[in-house]
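The next block holds one structure in the form of structure tokens; read it before the comments.
Residue numbers (the numbering used here): 645 to 709.
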């Protein structure tokens, strides 16, 4: 995965979450739980080195509608 840079978290309320799981289904399930709660830029695939993904959260947005 690429390095997380300062722009990803330059303001309060922005976060980067990296998910590591035993399989793709689990990684995507965690991502779906996060996306159900916060405004989220989701990943559409895991990395080649296992079931890892990164998503970007804006917790200032509150619940998605």
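Beta carbons are placed, not taken as given, at the ideal position from N, Cα and C, and that holds for glycine. These figures come from a predicted structure and were not determined experimentally.
Quick one, which of the options has its alpha-carbon nearest residue i's?
i: residue 697; options: 679, 665, 703; result: 665
i: residue 624; options: 700, 689, 702, 682; result: The question about residue 624 has no answer here: the residues shown for the chain are numbered 645 through 709.
i: residue 695; options: 655, 656, 662; result: 662
Could you name the residues that DSSP lists as bridge partners for residue i?
i: residue 660; result: 700
i: residue 684; result: 701
i: residue 666; result: The partner list for residue 666 (beta bridge, DSSP) is empty, contrary to what the question assumes.
i: residue 695; result: 665
Measure the Cβ-Cβ separation of residue i and residue j and say whether it is below 8 Å.
i: residue 670; j: residue 679; result: no
i: residue 682; j: residue 703; result: yes
i: residue 684; j: residue 701; result: yes
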